[in-house]
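One structure is given here, and the rest of the page talks about it.
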Amino acid sequence: MSDGSEDCPVLHVDMDAFYASVVLRGRPELAGLPVVVAGGGDRGVILCATYPARRRGVASGTPTAQARRRCPDLVVVPPDFAAFAEASAAVFEAFATVTPEVEPLSQEEAFLHVGGARRTATPRALGETVRARVVERVGITCSVGVAATRSVAKLASRRAKPDGLVVVPPAEVRDFLDPLDVGELWGVGPSTRARLERMGVTTVADARRLPLELLQATLGRAGGAQVHALLRGAEGGRLHAAFRPRERQRSIGSDRTLARDVGDAEELHGVLLGLTLGVTARARRANLVASVVTVRVRYPDFTTVSRARTLAEPTATTTDVHALAVRLLDDLRDPGRAVRLVGVRLSGLRDSAGHAEQLALGDPERGWRHTDEAADRVRQRFGSGALARATLLEAHPAEARPAASAEEPDTDPAGWWSW
Numbered sequence: 001m002s003d004g005s006e007d008c009p010v011l012h013v014d015m016d017a018f019y020a021s022v023v024l025r026g027r028p029e030l031a032g033l034p035v036v037v038a039g040g041g042d043r044g045v046i047l048c049a050t051y052p053a054r055r056r057g058v059a060s061g062t063p064t065a066q067a068r069r070r071c072p073d074l075v076v077v078p079p080d081f082a083a084f085a086e087a088s089a090a091v092f093e094a095f096a097t098v099t100p101e102v103e104p105l106s107q108e109e110a111f112l113h114v115g116g117a118r119r120t121a122t123p124r125a126l127g128e129t130v131r132a133r134v135v136e137r138v139g140i141t142c143s144v145g146v147a148a149t150r151s152v153a154k155l156a157s158r159r160a161k162p163d164g165l166v167v168v169p170p171a172e173v174r175d176f177l178d179p180l181d182v183g184e185l186w187g188v189g190p191s192t193r194a195r196l197e198r199m200g201v202t203t204v205a206d207a208r209r210l211p212l213e214l215l216q217a218t219l220g221r222a223g224g225a226q227v228h229a230l231l232r233g234a235e236g237g238r239l240h241a242a243f244r245p246r247e248r249q250r251s252i253g254s255d256r257t258l259a260r261d262v263g264d265a266e267e268l269h270g271v272l273l274g275l276t277l278g279v280t281a282r283a284r285r286a287n288l289v290a291s292v293v294t295v296r297v298r299y300p301d302f303t304t305v306s307r308a309r310t311l312a313e314p315t316a317t318t319t320d321v322h323a324l325a326v327r328l329l330d331d332l333r334d335p336g337r338a339v340r341l342v343g344v345r346l347s348g349l350r351d352s353a354g355h356a357e358q359l360a361l362g363d364p365e366r367g368w369r370h371t372d373e374a375a376d377r378v379r380q381r382f383g384s385g386a387l388a389r390a391t392l393l394e395a396h397p398a399e400a401r402p403a404a405s406a407e408e409p410d411t412d413p414a415g416w417w418s419w
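Sequential numbering from 1 applies to the sequence shown in UniProt numbering.
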């Protein structure tokens, strides 16, 4: 029996309040409360807000201090990036049980092409299967949009939130799109929306009345053609999406907004070590080594500076990365100014399995690499707080374990962790 989804081979699957859902697993006492995930104390920003918090006016990107004023009973939970990475991997494993054609958008969402799987079930049924498997394997919920193209499927999943599924068959695309604000279309940013609004256009229905030539005169030849297609639920002149393979992860980064402005070099080195522990551990979990290290600092006036340098040999060893990061930090930082934020990023990533390391006689690299691998196994078994660097425990106890802040979510359309 038809369920209306036969001509809809694209699923857009998006986790519901992903970071908050992950940290709240196993904490039923917080169910229904306005909970947010944030780091950096009141100087940080909200990484993710639960739906009760969103109803109180708190959203991702809101400064934590402002969020507390809006919602005095706000519950702030620190981020656990190791748990996020683990949950994301489990989510994508669940996707792979339904279709091999998965196109990640971020750590928490992806397009699934189920055209080849329609022999066994309808796209709607496959979407329900995805939802059930994510709950079963990861313990969190997701929302699914089902349509003929990515752009419509993404809008449909937004309509389905939270914890739902919406199908938009090709015959219903126009009725679905017409009432929407034109700025809701995937690919229409604030500047494009502002240009259209100056023309008296606010809804998709308004914009569809404009001829292609006028859109191109206003938005440029390529931009006008893109918007013209999106207004009709098409992509690049095609009704059905052509999927690209999953791209290699491009970078792994983390930063921390400090509880107070810090000018002491030794203390900043300790913060940098905590961040380096986290990013190198993530690289090793992904079986990657890095060729480039980038360090950035942000001053209290929000001026941000960064510097990058290539490693002598690609590596994911904490000691090597931290040594270079310290040199970069000392080179770029104005010693007369305190620092508000510190960040480190690994890029130039490649598979560690295909990389043969050059070890000199007496080089301690091999020992440090084995030390890192042993520490990874301990943390995997007993948790990220089970092991700390002795050199930091006395001077910098807060930095002694792998950590990251919620200053900027580590998500990337091409990979899952970036700046």
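No residue lacks a Cβ here, since even glycine has one placed at the ideal position from N, Cα and C.
A check of alpha carbon separations from G189 across K161, S157 and L230 identifies L230 as the nearest. By alpha-carbon distance to P63, the top candidate from R56, T304 and R43 is R43. For V201, no beta strand (DSSP E) segment is defined, and its DSSP state is neither H nor E. With respect to the 9 Å criterion, S347 and R250 are classified as neighbours on the basis of their beta carbons.
The C-beta distance from R150 to E235 rounds to 6 Å, short enough to meet the 8 Å contact threshold. In the three-state reduction of the DSSP assignment, R68 falls in the helix class. Between P9 and P169, the CB-CB gap reaches or exceeds 9 Å. Residue pairing from DSSP places S306 in a beta bridge opposite R296. In the displayed model, R260 falls within a strand according to three-state DSSP.
Nearest in C-alpha terms to L177, of all of A156, D330 and G164, is A156. Residue environment for D16: buried (at least 16 other C-beta atoms within 10 angstroms of its C-beta). Contact check for G127 against L165 passes: the beta carbons are separated by less than 9 Å.
Here DSSP, grouped into helix, strand and coil, assigns D331 to helix. Around V135, the same chain offers T141 as residues with beta carbons nearer than 7 Å, after the five sequence neighbours per side are excluded. The Cβ atoms of L105 and V130 do not sit closer than 9 Å to each other. Contact annotation, L311 with L324: C-beta distance approximately 6 Å; criterion of less than 8 Å satisfied. When DSSP reads this structure, R232 sits in no beta bridge, so it has no partner. Note on geometry: alpha-carbon atoms of P335 and G263 lie some 7 Å from one another. An exposed status is given to P100, since fewer than 16 other beta-carbon atoms sit within 10 Å of its beta-carbon.
Nearest to E266 by alpha-carbon distance, out of H12, V326 and S306, is V326. The Cβ atoms of V45 and V77 lie no closer than 9 Å to each other. By the CB criterion at 9 Å, V204 and L185 fall inside the cutoff. For S251, the beta-bridge partners assigned by DSSP are S347. DSSP places A38 within a strand segment (E or B) once states are collapsed to three. Secondary structure of D320 (DSSP, three-state): helix. Collapsing the DSSP output to three states places E6 in coil.
Close CB contacts of L33 within its chain, under the 7 Å cut and outside five residues either way in sequence, are with P52 and V75 (chain order). Of the candidates G145, L341, P72 and P28, L341 places its Cα closest to the Cα of R260. Distance from H12 to A153 at the Cβ level is roughly 4 Å; contact confirmed, criterion being Cβ atoms closer than 8 Å. In this structure, DSSP gives L112 an extended state, which the three-state scheme calls strand. At the C-beta level, T294 and A308 come within 9 Å of one another. For S106, the secondary structure class from DSSP, reduced to helix, strand or coil, is coil.
Looking at the backbone, the Cα of L180 and that of V91 are separated by about 30 Å. Boundaries of the beta strand (DSSP E) around S143: C142 to A147. For the options P72, S60 and R137, the alpha carbon positioned closest to that of E93 is the one of R137. Scanning its chain for C-beta atoms nearer than 8 Å, with the 5 sequence neighbours on each side dropped, one finds around A31 the residues L24, in chain order.
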